[in-house]
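Chains as they are written, first to last, in the working numbering: chain C, 1234 to 1430; chain X, 8 to 177.
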């Protein structure tokens, strides 16, 4: 499975949700598919995208939050899995694209390439729903199930170690940050017409 | 345990008075009463962390979502959070209110706390983070309020160092 195909396959589900991604391929590919004001790309601070998602999910329970994480990033914040599990916000879906490598910095293998199992670690941390998927069909089904379940879910999607040609996009970091904050400010107005799943 | 309940209450009430609605914390001795006050307050979202750097991400998310927050941590927790502070809070201009217990200063009896105390202010200065000391009950409330005001007007991290003279009664 290609990560960009996985992103494309759920793109229409992201319209009214808070979306937070990590840096690198995920951010560049999602922007390539089409940036929206409800998408925030954490272009550094590896490991903290899931923590940011938790901060939004806990303070805005009326909104549905999706975090697109990666194996390299979550491996830097494994303790954060226990914090996610501790508060288990019902409005958070945590997707980890696992390409078993640090793709944007030379493709060096991460520990998932030698057997470390992120879904098992999430489950052991106490995340109530955690699974690994390997095909596009499995990913879409797991994503839709997670949105419908209203229970904290970690989906580890095994993807090929292939990314875009470049990682720098024309969306300035602060432009994205202030636009995203503004979207969150008004997102409440659409609460009744677009309830979080 | 001679951690000052009165000073902790002053700090907590000042945070509440400023509209802080989320506190992230990793326990240390000087913070026990503050954490219990957050725990007992149904209006406060308390997030217990595994490591302090997570708190930077949580506060960033809370801020963008419209909630004022504060981080409660020891200076060693601040040292453990530096990358998150630089590459999340500073890079993305997040107002971050950090309450840092300033261990390792005059009067410190725990040998293991003594290295962190000597570098905390230097690291704050190197990061260009404005900071003030909370070392007397008389200025707790207005320094917290002014710190938060500066954090929000500058969209940057601000630190308040919780000092022994305020936090420890002996």
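We put the CB at the ideal spot given by N, CA and C, even for glycine.
Listed in chain order, which residues of the region 1384-1413 of chain C have Cβ atoms closer than 8 Å to some Cβ of chain X?
1406, 1407, 1410, 1413
To which residues of the same chain is residue 17(X) closer than 7 Å at the C-beta, ignoring the five residues directly before and after it?
To locate residue 17(X), count along the second chain from 1; it is residue 10. Same-chain partners within the cutoff: 144, 147, 148.
For the 8 Å Cβ check, are there 3 or more pairs between the region 1266-1275 of chain C and the region 1309-1324 of chain C?
no
Counting pairs of beta carbons, one from the region 64-79 of chain X and one from the region 116-124 of chain X, are three or more of them closer than 8 Å?
no
Are the Cβ atoms of residue 1302(C) and residue 1255(C) separated by less than 7 Å?
One-based indexing of the first chain puts residue 1302(C) at position 69. One-based indexing of the first chain puts residue 1255(C) at position 22. A contact, by the Cβ cut-off of 7 Å.
Does residue 1234(C) come out as helix, strand or coil in the three-state DSSP assignment?
Taking the first residue of the first chain as position 1, residue 1234(C) is located at position 1. In this structure, residue 1234(C) counts as coil in the three-state DSSP scheme.
Note down the Cα distance separating residue 125(X) from residue 1236(C), rounded to an integer number of angstroms.
On the second chain, position 118 is the one that residue 125(X) refers to. On the first chain, position 3 is the one that residue 1236(C) refers to. Each residue's Cα considered, the two are about 47 Å apart.
Within chain X, partners of residue 1418(C) - CB distance below 8 Å
Taking the first chain and counting its residues from 1, one reaches residue 1418(C) at position 185. In chain order: 73.
Look at the alpha carbon of residue 101(X) and the alpha carbon of residue 158(X), and state the distance between them as a whole number of angstroms.
Position 94 of the second chain holds residue 101(X). Position 151 of the second chain holds residue 158(X). When rounded, the distance between both Cα atoms is 8 Å.
Chain-ordered neighbours of residue 66(X) on chain C, where CB pairs are closer than 8 Å
In the second chain, counting from the first residue as 1, residue 66(X) sits at position 59. Neighbours of residue 66(X) on chain C, chain order: 1288.
For residue 23(X), go through chain C and note every residue whose CB falls closer than 9 Å to its CB, in chain order.
If you number the second chain from 1, residue 23(X) lands on position 16. Correct list: empty, because the minimum Cβ distance to chain C is about 16 Å.
Would a C-beta distance cut-off of 7 Å place residue 107(X) and residue 166(X) closer than the cut-off?
One-based indexing of the second chain puts residue 107(X) at position 100. One-based indexing of the second chain puts residue 166(X) at position 159. For residue 107(X) and residue 166(X), yes; Cβs fall inside 7 Å.
Between 1346(C), 1327(C), 1328(C), which lies nearest to residue 1336(C) when the distance is taken from Cα to Cα?
Within the first chain, the letter at position 103 stands for residue 1336(C). Considering only alpha carbons, the answer is 1346(C).
Just list the beta strand (DSSP E) runs in the region 69-109 of chain X, keeping only unbroken ones of 3 residues or longer that don't cross its boundaries, in chain order.
75-81, 103-108
Candidates 1374(C), 1277(C), 1251(C), 1272(C): closest to residue 1291(C) by CA position
If you number the first chain from 1, residue 1291(C) lands on position 58. When only C-alpha atoms are compared, the closest one is 1251(C).
Which two residues bound the contiguous alpha helix (DSSP H) that contains residue 31(X)?
Taking the second chain and counting its residues from 1, the one referred to as residue 31(X) is at position 24. From DSSP, residue 31(X) is part of no alpha helix (DSSP H) but of the beta strand (DSSP E) over 27-32.
Between residue 57(X) and chain C, is there a C-beta pair that is closer than 7 Å?
On the second chain, residue 57(X) is found 50 positions in, with the first residue counted as 1. Closer than 7 Å to some Cβ of chain C, the Cβ of residue 57(X) qualifies, so yes.
According to DSSP, what are the bridge partners of residue 55(X)?
Looking up residue 55(X) in the second chain gives position 48. Residue 55(X) is bridged to 32(X).
Residue 1376(C) versus residue 1398(C): straight-line alpha-carbon distance, rounded
Mapped onto the first chain, residue 1376(C) falls at position 143. Mapped onto the first chain, residue 1398(C) falls at position 165. Looking at the two C-alpha atoms, the distance is approximately 27 Å.
Indicate whether at least one CB of chain C lies closer than 7 Å to the CB of residue 52(X).
Taking the first residue of the second chain as 1, we reach residue 52(X) at position 45. At least one chain C Cβ lies under 7 Å of residue 52(X).
Alpha helix (DSSP H) runs wholly inside the region 1383-1421 of chain C, at least 4 long, in chain order:
1406-1420
Counting only the same chain and skipping the five closest in sequence on each side, list residues whose C-beta sits under 7 Å from that of residue 1240(C).
Taking the first chain and counting its residues from 1, the one referred to as residue 1240(C) is at position 7. Excluding sequence neighbours, residue 1240(C) sits near 1262, 1263, 1266.
Along the region 1301-1329 of chain C, what residues have a CB closer than 8 Å to any CB found in chain X?
1310, 1312, 1313, 1315, 1316, 1319, 1320
Closer than 8 Å, Cβ to Cβ, to anything on chain C: give me those residues from the region 161-176 of chain X, in chain order.
none
What's the gap between the Cα of residue 48(X) and the Cα of residue 14(X)?
Looking up residue 48(X) in the second chain gives position 41. Looking up residue 14(X) in the second chain gives position 7. Approximately 17 Å, taken between the alpha carbons.
Segments of 3+ residues assigned as beta strand (DSSP E) that fall wholly inside the region 1303-1343 of chain C:
1325-1331
Per DSSP, residue 175(X) forms a beta bridge with which residues?
In the second chain, residue 175(X) corresponds to position 168, counting from 1. Bridge partners of residue 175(X): 10(X).
Going by beta-carbon coordinates alone, are residue 1352(C) and residue 1372(C) separated by less than 7 Å?
Position 119 of the first chain holds residue 1352(C). Position 139 of the first chain holds residue 1372(C). No, the Cβ-Cβ distance between residue 1352(C) and residue 1372(C) is not below 7 Å.
Nearest by alpha-carbon distance to residue 156(X): which of 10(X), 24(X), 57(X), 68(X) is it?
As a first step, residue 156(X) must be located in the second chain, where it is residue number 149. Cα-wise, what sits closest to residue 156(X) is 24(X).
Rounded separation between residue 110(X) and residue 1282(C) - CA only:
Indexing the second chain from 1 puts residue 110(X) at position 103. Indexing the first chain from 1 puts residue 1282(C) at position 49. The straight-line gap from Cα to Cα measures roughly 30 Å.
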